[in-house]
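2 protein chains.
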Amino acid sequence: MSPGRRRRPRAEGPGEILVVGSVALDSIKTPYGNVEDALGGSASYFSFSASHFAPVRIVAVVGEDFPERHRETFQSRGVDLSGLETAAGQTFRWRGEYTVELGHAITLETQLNVFSTFHPRLDPKHRAMPYVFLANIDPDLQLEVLDQMEDPRLSVSDTMNYWIARKPDRVFEVLRRVDVALLNEEEARALSGEAQLVRAAGRLLEQGANAVIIKKGEHGALFRSRDELFITPAFPVSGLCDPTGAGDSFAGGFIGWLARSGRHDADALRQALACGAAMASLAIESFSPERLVATTPGEIEERLTTLHKMVHFSLTRPFEANS
Amino acid sequence: MSPGRRRRPRAEGPGEILVVGSVALDSIKTPYGNVEDALGGSASYFSFSASHFAPVRIVAVVGEDFPERHRETFQSRGVDLSGLETAAGQTFRWRGEYTVELGHAITLETQLNVFSTFHPRLDPKHRAMPYVFLANIDPDLQLEVLDQMEDPRLSVSDTMNYWIARKPDRVFEVLRRVDVALLNEEEARALSGEAQLVRAAGRLLEQGANAVIIKKGEHGALFRSRDELFITPAFPVSGLCDPTGAGDSFAGGFIGWLARSGRHDADALRQALACGAAMASLAIESFSPERLVATTPGEIEERLTTLHKMVHFSLTRPFEANS
């Protein structure tokens, strides 16, 4: 997306998307219920979300204990698992809890297991993918992926406070190399040192980012590049259930639409932001990615229509004589 | 605005607006500077903001110490002060401080002075006004004003946590009687008992409000009625200086545009929300209402254009064959 970068001619149909991230077994408790060893992980949420828009291939690792039924869930959405390595040992596990405000997870336990020694190895098919999402894994692994990619049309990264605290320089290196960096509010504040989010985004651009998206939970998301600033509200869910995976599902809708449309102009980016908001809202209406897997084109389009209606106004010039 | 209510035919030109609230002397400290005994108060910020759109009349009280130069500031914007009572004693004073995040004021001192015995007395001219804003004064005073009004086309209230904590029933009574109730995030959460703001707005409607606007600071504002839900982002200010009066200035832009346009349809309400966001952004770029007084039609329209550009996207149907 950067100006002057060589781009391959656009292929027919939606561009394929590579995601490198975690596939995990999550145990989650919220005020609305709980699950044990449910399918989770950033690459999982991302894939289910993006798969509604374009073909997705996962590069990740699971342990020998990874249930066959979870593979079937991926297959039901046409997600390619040829890059899902099975390593000796246990699958990455996360145990978390949300309090009644559902704002932030309290991590009770993280078992990296097979993830602790994971290094993404991309085969030629993966290297040639036009769209790539680097989920919130170690920035060193994100850089390993970027080094292996041929020349993606669009690269997007995510991160987490854990890495910002431990490897800020590497997080910045990723930020400078990708086309769009996704962060949540706290991450944007921590990384930029700015409290106010539009300014935080501006500061990250000064620090070398090409474009950033700040995810603001119930307040929506903002996109900022040198030329553009736009904002989408969150889709107002009535049945908020489990916020896990909202950010990855947002990323799936965002990249999904860009890959499907093959466009990266300002209007496509705005539409992509709305697709992100729609998919995030679906993710949080059920435990695990159930709702994301089951949703339909009609349902997604309905949410886009609602979001459009929520923000659209006809521009007025209040002080013209005929106003 | 309520369905079935009798409405007078619309007069020519912008409708006149009555505001009942405080006119104060503010001493404020922020990380960017400080002022002593500056012109402040909810009615002041509201008036300066709304005066760019429509004629404004104030009903309020000041003490004998109220400086003549502040009256001149109101007159420079054509604000009618015939309802500004001068009582024996000192003007209402507020002393506050903002920390670096500029989110919330810490009140250091409040001297009610002449405000402590204030009862708004409306003359026939005030009673006949088509638009009325009840700023964040005691809900009992707000009800006194409503009782005196003839049949306003649109009534809007504001409140504060102080009254929600002390007189929740009266705050609810105001909410049920006005067309639109303005609240900030904390007030909406406190009054509705709901943490998530779209739900908080929904709960307030269930509790009898006709329509609510929740002001979310840097995250913008949301409007919710039985039929409508829309959202405006905050205008991204580069030179945030002093957040005092942002909410009242928002209200001034909101009611100002409705009074100017004479329309209350969904599109006018959306435009009004954007006008509110534009005026709030101007208010916070200087200490005291300086910037609001000095701003120009061109500057306001420029901010509306920016806000429009920030949120607008062309609605796509991602899954249509021709997408």
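Protein chains in written order, with the numbering used here: chain A, 2 to 324; chain B, 2 to 324.
Even glycine gets a Cβ: it sits at the ideal position worked out from N, Cα and C.
Handout entry: Of the residues R70(B), S287(B), S193(B), the one placed nearest Q208(B), counting alpha carbons only
Key = For the residues R70(B), S287(B), S193(B), the minimum Cα distance to Q208(B) belongs to S193(B).
Handout entry: Residues sharing a beta bridge with S158(B), DSSP
Key = Paired residues: L135(B), A182(B).
Practice task
Tell me, please, which residues DSSP counts as bridged to V62(B).
Solution key: Assignment of beta-bridge partners to V62(B) by DSSP yields E86(B).
Problem - Residues bridged to V115(A) (per DSSP) - result: Under the DSSP definition of a beta bridge, V115(A) lacks any partner.
Handout entry: Residue span of the alpha helix (DSSP H) that contains R271(B), given as start and end
Key = Judged by DSSP secondary structure, R271(B) falls within the alpha helix (DSSP H) whose first and last residues are 267–284.
Problem - Chain-ordered neighbours of A275(A) on chain B, where CB pairs are closer than 9 Å - result: Correct list: F314, L316, T317.
Problem - T297(A) burial status per 10 Å Cβ neighbour count (16 or more: buried) - result: By the 10 Å Cβ count, T297(A) comes out exposed.
Practice task
Using the Cα positions of L241(A) and T108(A), report the straight-line distance between them to the nearest angstrom.
Solution key: Approximately 19 Å, taken between the alpha carbons.
Practice task
Take S282(B) as the anchor and find which of E300(B), P290(B), F236(B) has the nearest alpha-carbon.
Solution key: When the alpha-carbon of S282(B) is set against those of E300(B), P290(B), F236(B), the nearest one is in F236(B).
Handout entry: Local Cβ density within 10 Å of R7(B), reported as buried at 16 or more and exposed below that
Key = Per-residue confidence for R7(B) stands at a pLDDT of 45, beneath the threshold of 50, marking its modelled position as unreliable; no derived number is given.
Practice task
Would you tell me roughly how many angstroms separate the C-alpha atoms of S315(A) and D268(B), rounded to the nearest one?
Solution key: One C-alpha to the other measures close to 7 Å.
Handout entry: V74(A) versus A136(A) - alpha carbon distance
Key = A small fix is needed here, since residue 74(A) is Thr in this sequence, not Val. For T74(A) and A136(A), the distance between alpha carbons rounds to 20 Å.
Exercise for the section: Could you say which of W258(A), P319(A), A279(A) lies nearest to E321(B) if we only look at CA atoms? Expected result: The candidate whose alpha carbon is nearest that of E321(B) is W258(A).
Problem - chain B within 8 Å of L230(A), Cβ atoms only - result: Closer than 8 Å: yes.
Exercise for the section: From the DSSP output, in three-state form, read off F320(B) for me. Expected result: In the structure shown, F320(B) sits in coil (DSSP, three-state: anything other than H, G, I, E or B).
Problem - Pair within 8 Å by beta-carbon distance, F49(A) and V294(A) - result: Yes, these two residues count as a Cβ contact at 8 Å.
Problem - Within chain B, the residues that V199(A) reaches when beta carbons sit closer than 7 Å - result: Going along chain B in sequence order, the residues near V199(A) (Cβ under 7 Å) are P237.
Problem - Distance, S45(B) Cα to A279(B) Cα - result: Those two C-alpha atoms are separated by around 17 Å.
Problem - Minimum C-alpha distance to D124(A) - residue among V133(A), Y99(A), S83(A) - result: For D124(A), the nearest C-alpha among the options comes from S83(A).
Problem - Cβ shell of S324(A) (< 8 Å), same chain only, five flanking positions each side left out - result: With a pLDDT of only 44 at S324(A), under 50, the local geometry of the prediction cannot be trusted, and the value read off the model is given with reservation. Contacts found: T317, R318.
Handout entry: Contacting positions in the segment 149–175 of chain A - beta carbon closer than 7 Å to chain B
Key = Of all residues in the segment 149–175 of chain A, none places a beta-carbon less than 7 Å from a beta-carbon of chain B.
Exercise for the section: Within the same chain, show all residues whose beta-carbon is closer than 6 Å to that of A25(A), passing over the 5 residues directly before and after it, in chain order. Expected result: G41, G42, F93, W95.
Practice task
Work out the CA separation of E302(B) and P386(B) for me, nearest whole Å.
Solution key: Past the boundaries of the shown model lies residue 386(B); chain B is included only from 2 to 324, so the question cannot be answered.
Exercise for the section: Using DSSP bridges, identify the partner residues of N35(A). Expected result: N35(A) is bridged by DSSP to K30(A).
Problem - First and last residue of the uninterrupted alpha helix (DSSP H) at E229(B) - result: Under the DSSP assignment, E229(B) falls outside any alpha helix (DSSP H); it carries neither an H nor an E label.
Handout entry: Where the segment 35–55 of chain B meets chain A: residues whose CB sits under 7 Å from a CB there
Key = Residues F54.
Handout entry: Touching by the beta-carbon criterion (3+ pairs, under 8 Å), the segment 180–188 of chain A and the segment 157–170 of chain A
Key = These segments touch.
Practice task
Determine the closest residue to E188(A) out of A273(A), A201(A), L308(A), H120(A), with distance taken between C-alpha atoms.
Solution key: Of the listed residues, the one whose Cα sits closest to E188(A) is A201(A).
Exercise for the section: Show which residues of chain B have a CB atom less than 8 Å away from the CB atom of M311(A). Expected result: Residues of chain B passing the Cβ test: L230, F231, I232.
Problem - Boundaries of the beta strand (DSSP E) in which K216(A) is found, first to last residue - result: K216(A) -> beta strand (DSSP E) spans 212–216.
Handout entry: Closest Cα partner of E65(A) within the set G14(A), S226(A), Q91(A), D228(A)
Key = The closest CA to that of E65(A), considering only G14(A), S226(A), Q91(A), D228(A), is found on Q91(A).
Exercise for the section: Identify every residue that forms a DSSP beta bridge with V20(A). Expected result: V20(A) has I59(A), F134(A) as its beta-bridge partners, per DSSP.
Practice task
Say whether chain A places a C-beta atom closer than 8 Å to the C-beta of R11(B).
Solution key: Reliability fails at R11(B), whose pLDDT of 48 lies under 50, so the model's placement of it is uncertain and the value that follows must be treated cautiously. No, its Cβ sits nowhere closer than 8 Å to a Cβ of chain A.
Practice task
Express the C-alpha separation of F119(A) and K216(A) in angstroms, rounding to a whole number.
Solution key: Computed Cα separation, rounded: 27 Å.
Exercise for the section: Just confirm the distance between the C-beta atoms of D27(B) and S289(B), as a whole number of angstroms; I'd bet it's less than 8 Å. Expected result: Right, the Cβ-Cβ distance comes to about 7 Å (below 8 Å), so this counts as a contact.
Handout entry: Below-8 Å beta-carbon distance, W258(B) vs any chain A residue
Key = Cβ-Cβ to chain A under 8 Å: yes for W258(B).
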